[in-house]
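Participant:
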Amino acid sequence: MSPSRLVNRVVPLLSQAAFLAAALAAAQGLAGRMRIVPSSIGKFTPLDGSELGSVFLYFGLAHLLVLLVPLGSERRTPFLTPRRLAVECVAALAAVSLASSGLFLFTQIPFSPNFYAWIYALFGLGYGIAGGAALVFHRKGDPAVGATSEFGAAARLLRSPLIYPALLLILLPGLLAGLYKVEPDFANWVNKVRVGLNVRTGGFKLVQAFPGRTFDQPMILAFSPTRRDEFFVLTRPGRLLRYRCDPWNEETLVDITGEVGGVQAELGALSFALHPEFGSSGSPNSGFVFVWYTHLGDDRQFCRLARFDVRPATLPERNATRTLLMDLPRASTGMHNGGTTLFGPEGFLYISVGDYVMKDCSQQVDRYLAGGILRIDVDARGGAVSRPIERRPRGATTQNYFIPLDNPWTNHPGALEEFYAIGLRNPFRMWMDPLDRDLWLGDIGLNHFEEVTRVRKGDNGEWDFREGPMELGNPVPRRLLGRRVPPVLAYRQTALDRAVIGGLIYRGRRLGPLQGLYVFCDNNSGKFMSFDPKRPEATLQTLTVAPQYGQMGPTGLGVGSGSVGYSSGGSSWSSGSSGGSSWSSSSSSSSSFSGGGGSSGGGGASGSW
115 MSPSRLVNRV
125 VPLLSQAAFL
135 AAALAAAQGL
145 AGRMRIVPSS
155 IGKFTPLDGS
165 ELGSVFLYFG
175 LAHLLVLLVP
185 LGSERRTPFL
195 TPRRLAVECV
205 AALAAVSLAS
215 SGLFLFTQIP
225 FSPNFYAWIY
235 ALFGLGYGIA
245 GGAALVFHRK
255 GDPAVGATSE
265 FGAAARLLRS
275 PLIYPALLLI
285 LLPGLLAGLY
295 KVEPDFANWV
305 NKVRVGLNVR
315 TGGFKLVQAF
325 PGRTFDQPMI
335 LAFSPTRRDE
345 FFVLTRPGRL
355 LRYRCDPWNE
365 ETLVDITGEV
375 GGVQAELGAL
385 SFALHPEFGS
395 SGSPNSGFVF
405 VWYTHLGDDR
415 QFCRLARFDV
425 RPATLPERNA
435 TRTLLMDLPR
445 ASTGMHNGGT
455 TLFGPEGFLY
465 ISVGDYVMKD
475 CSQQVDRYLA
485 GGILRIDVDA
495 RGGAVSRPIE
505 RRPRGATTQN
515 YFIPLDNPWT
525 NHPGALEEFY
535 AIGLRNPFRM
545 WMDPLDRDLW
555 LGDIGLNHFE
565 EVTRVRKGDN
575 GEWDFREGPM
585 ELGNPVPRRL
595 LGRRVPPVLA
605 YRQTALDRAV
615 IGGLIYRGRR
625 LGPLQGLYVF
635 CDNNSGKFMS
645 FDPKRPEATL
655 QTLTVAPQYG
665 QMGPTGLGVG
675 SGSVGYSSGG
685 SSWSSGSSGG
695 SSWSSSSSSS
705 SSFSGGGGSS
715 GGGGASGSW
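Here the sequence shown stands for residues 115 to 723, where the numbers follow the working numbering.
#1: Cutting at 6 Å between CB atoms, please list the residues of its own chain near ILE490, excluding the five before and the five after it.
#2: Can you look up LYS295 in the DSSP assignment and give me helix, strand or coil?
#3: Considering only residues of the same chain and omitting the five flanking positions on each side of LYS319, which have a CB-CB separation below 6 Å?
#4: Over the uninterrupted beta strand (DSSP E) stretch that includes VAL374, give me the two end residues.
#5: Rounded to the nearest angstrom, what separates ALA535 and ASP360 at their Cα positions?
#6: Starting from the Cα of LEU276, find the closest Cα among VAL180, TYR482, GLY497 and PRO339 and give me that residue.
#7: For the pair the stretch 451-459 and the stretch 494-509, tell me if three or more CB-CB distances fall below 8 Å.
#8: Could you check whether the stretch 621-636 touches the stretch 589-600, counting it as contact only if at least three pairs of C-beta atoms, one from each stretch, sit closer than 8 Å?
#9: I'd like to know if the stretch 297-312 and the stretch 223-238 are in contact, where contact means that at least 3 CB-CB pairs between them fall below 8 Å.
#10: For the beta strand (DSSP E) containing LEU553, list its first residue and its last residue.
#11: Would you please state the rounded distance, in angstroms, between the beta carbons of ALA213 and TYR172? I believe it to be under 8 Å.
#12: Taking the straight line between their C-alpha atoms, what separation do you get for PRO111 and GLY461?
#13: Under 7 Å from any heavy atom of the ligand MG, does the C-beta of PHE457 make it?
#14: Looking at the unbroken beta strand (DSSP E) that takes in THR653, where does it start and where does it end?
#15: Anyone know if the C-beta pair for TYR407 and LEU384 falls short of 8 Å?
#16: Taking the beta strand (DSSP E) that PRO332 belongs to, which residues open and close that run?
#17: Are the beta-carbon atoms of GLU651 and VAL614 separated by less than 8 Å?
#18: Cutting at 6 Å between CB atoms, please list the residues of its own chain near GLN415, excluding the five before and the five after it.
#19: For the beta strand (DSSP E) containing PRO518, list its first residue and its last residue.
#20: Taking C-alpha atoms, which residue in TYR632, GLY509 and PRO507 lies nearest to PHE645?
#21: Quick one: what's got a C-beta closer than 7 Å to HIS177's C-beta in the same chain, skipping five residues either side?
#22: Residues in its own chain within less than 8 Å of ALA609 by CB, not counting five upstream and five downstream?
#23: Per DSSP, which one or two residues make a beta bridge with GLU344?
#24: Can you tell me whether DSSP reads GLY486 as helix, strand or coil?
#25: I'd like the list of long-range same chain contacts for ALA141, defined as Cβ closer than 7 Å, with 5 residues on each side in sequence excluded.
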């Protein structure tokens with residue numbers, strides 16, 4: 115090979131490598147400070163050192179592969195003409211797209227549209243500056259004629275048969291990311307590929323709990339306290355269903371689909387709780403069910419808590435028993451609604467609520483019932499137990515319950531006294547440990563970490579000034595409310611792990627290796643994980659992976675009599691060999707872990723968190 119041909123090939127490759135390294139480092143810094151892509155389109159999760167090395171390797175190989183074609187065919191000296199630079203620019207951008215598409219499809223490195231947009235912008239800017247310098251350096255005679263000639267030569271590249279595949283390749287990452295966001299089946303396929311290439315499990319498996327049975331986006335499942343063959347499922351569109359297994363029977367107890375309206379994003383019916391005296395003969399509360407759901411109508415969104423009595427004989431009669439307890443207006447994003455209602459042993463109802471993507475909903479107890487855990491007395495017992503509501507949130511309706519006297523912010527000046535704990539971002543699923551009454555929850559993170567937190571009365575989960583171990587830059591309130599509690603476990607977000615779903619401590623006997631461990635899952639990856647509450651970071655392991663991923667992944671675990679379960683927004687499943695656990699996802703069936711002691715759960719809020 116002649117020296118000139120060697121220069122034509124080697125010098126551009128070396129310069130590309132240097133430029134690529136500089137562009138990646140600059141994009142990493144700039145993407146965290148300035149947005150090209152709106153936050154509504156995609157989050158920015160910074161890469162750690164090992165991930166940045168993998169990204170550079172993918173980009174380096176893609177550039178080597180793509181650039182050898184145009185650089186090998188070009189005989190002109192590099193960097194001297196706009197035409198030559200246009201060839202290199204198109205090839206470089208195609209290489210960027212090839213690398214980013216590979217990273218998107220085959221790795222669990224977080225895909226940040228803003229990060230890649232900055233890479234494109236830096237490459238375009240760099241080649242634009244180089245092209246201008248080359249034009250000044252190369253033009254001869256009349257400058258106007260030289261410019262016209264050189265840019266005309268560059269424009270004639272549009273006639274090349276290779277330009278259109280290159281342009282399609284340049285657009286590929288945006289097309290993939292868009293499909294992933296709006297098409298659940300495609301998201302499921304991508305995550306299946308990612309899981310297969312990147313996830314190693316601990317030997318557990320999921321088996322069908324109800325073979326041949328399907329459910330319409332189940333959000334949560336609970337067993338009857340009075341019949342072993344009976345359980346209840348709340349579907350995301352707004353139906354509360356009762357099932358009996360022998361023989362199989364399905365009955366719609368409540369239907370609020372018209373009131374729920376749309377179920378896009380994270381909207382829909384999210385949770386329900388049976389009154390502690392549900393099914394008790396002679397109790398006036400024996401038919402009461404409390405449902406937490408969203409209402410979408412007239413371009414406004416609300417989070418609502420309502421009570422229904424399922425004892426009347428017909429569906430219209432049962433629907434007519436609706437008694438509204440809370441009607442809370444929120445930002446029209448559909449996101450961060452929280453999602454769990456449960457009763458404690460003292461008979462109070464606990465509700466986990468998100469921050470509604472409203473800045474002034476964090477670190478406050480005086481404006482909105484948001485960003486924490488609420489505790490109310492739905493029986494309005496009064497006396498030494500509770501008292502009527504004295505203060506109401508802005509623009510909201512709160513009624514038909516009392517405030518427990520031992521809530522942490524009763525008698526706090528200006529406080530909404532329903533708060534039990536604050537400082538949470540989106541605690542979608544929580545569980546109460548029957549041994550010590552601690553609340554365990556998964557708090558879904560923003561850009562960096564997913565959190566599993568143990569919450570007691572008066573705790574402050576540190577949102578929005580801290581996420582996991584990371585300070586976010588927002589100021590810590592000068593008069594901090596409550597007691598700061600860091601998460602028990604914080605695991606870093608990846609392209610797979612992006613939405614923690616709180617679980618439970620397993621105390622059964624059938625799944626011996628899990629005894630005493632906290633078992634939970636991640637909605638996006640479909641992974642079921644566990645850790646020892648005494649040594650969380652050291653014992654975190656992946657148990658198995660659900661067959662649903664992305665926006666259709668697991669959305670809840672729960673406890674019942676004789677089984678343990680999860681839900682995934684369209685199906686309920688069992689995992690293991692016998693006995694077990696149930697979960698729900700955003701698809702349409704049912705599974706459980708084989709294990710004893712039992713729990714059964716549900717969920718099915720498909721959406722991006």
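Virtual Cβ for every residue (Gly too), placed ideally from N, Cα, C.
Facilitator: The structure says:
#1: LEU463, TYR515 and GLU532
#2: helix
#3: THR658
#4: Note, VAL374: premise wrong, no beta strand (DSSP E); alpha helix (DSSP H) at 371-374.
#5: 42 Å
#6: VAL180
#7: no
#8: no
#9: no
#10: 553-557
#11: 4 Å
#12: With the chain covering 115 to 723 only, the question about residue 111 has no answer from this structure.
#13: What this structure holds is no ligand at all, so the ligand MG is not there to describe.
#14: Not the beta strand (DSSP E): THR653 falls in the alpha helix (DSSP H), residues 650-653.
#15: yes
#16: 332-337
#17: no
#18: ARG444 and SER446
#19: 516-518
#20: TYR632
#21: GLN130, LEU134, ALA206 and ALA209
#22: PHE218, THR221, GLN222, ILE223, PRO224, PHE225 and ARG308
#23: ARG358
#24: strand
#25: PHE229, TRP232, ILE233 and LEU236
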